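Visitor: Counted the way my numbering counts, the sequence shown spans residues 94 to 247.
C-beta atoms are modelled at their ideal positions from N, C-alpha and C, and glycine is treated no differently.
Since the structure is predicted, the reported quantities are computational estimates derived from the model, not experimental observations.
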Amino acid sequence: MADQKVLKKRLKALMQQPSNQVCSDCPEKRPTWASLIVPPSDSPPGTEKIGSFCCLECSGSHRRLGVHISFVRSVNLDSWKEWEVRAMENGGNAKVNAIFEARLAQSGRKKPTNLADGPTRERYVRDKYERRKFYDPAGFSIDARSTASHDGQG
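(1) Which of the three DSSP states is assigned to residue 166 in this structure?
(2) Based on the DSSP secondary-structure assignment, which residues constitute the bridge partners of residue 148?
(3) So, is residue 47 buried or exposed, given that buried needs 16 or more other C-beta atoms within 10 angstroms?
(4) Whose C-beta lies closer than 8 Å to the C-beta of residue 220 among residues of the same chain, with five residues either side of it excluded?
(5) Is residue 100 close to the ligand SAH? I mean its beta-carbon at under 7 Å from any heavy atom of the ligand.
(6) Which same chain residues end up closer than 8 Å to residue 163 when comparing Cβ atoms and leaving out the 5 residues on each side of it in sequence?
(7) Is residue 131 helix, strand or coil by DSSP?
(8) Judging by CA-CA distance, which residue of 213, 175 and 184 is the nearest neighbour of residue 234?
(9) Helix or strand or just coil, what does DSSP make of residue 173?
(10) Indicate the three-state DSSP secondary structure (helix, strand or coil) for residue 155 in the structure shown.
(11) Residues in the same chain with beta-carbon distance under 6 Å from residue 148, minus the five sequence neighbours each way, listed in chain order, please.
(12) Alpha carbons only, please: which of 169, 165 and 218 is nearest the one belonging to residue 142?
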């Protein structure tokens, strides 16, 4: 089993990337929750789970999606496994948003504000990850390391 200190150190390093310093689903700063996203069935073959960082409020909406779509972890409170940290390294907010918000601008929708109520966040998260209204699987080909400096604001 991987040492928790080592895994947490890798997570903390990921959290320092500019795009990961803001929730993947709203403008809340310094998110401390993570969503491990199961690739949709029409993803390219061999696609692995990817992760994004989200705030406490948005993480609740992710949790309600169900584990067949998203598996939620606390960066600080939960124990992590190697494959979960690898999913975060494979993803990150810039890559996740390049995939799941690729068509957000042309849809006319906007991300909820960090003051949005629960139902507003829930609708947005469901539209983004479950209904895939802004989705483009081409984003799975993006190398997470090349998006580390992206602002992630999709």
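Guide: Quick answer:
(1) strand
(2) Per DSSP, none; premise fails for residue 148.
(3) Because residue 47 is not part of the residues shown, which for the chain are 94 to 247, the question remains open.
(4) 202, 226 and 227
(5) This structure does not include the ligand SAH; it has no bound ligands of any sort.
(6) 128, 129, 130, 131, 155, 156 and 222
(7) coil
(8) 184
(9) coil
(10) Looking at residue 155 - three-state DSSP - the assignment turns out to be helix.
(11) Cβ neighbours of residue 148 beyond the five flanking positions: 116, 121 and 124.
(12) 165
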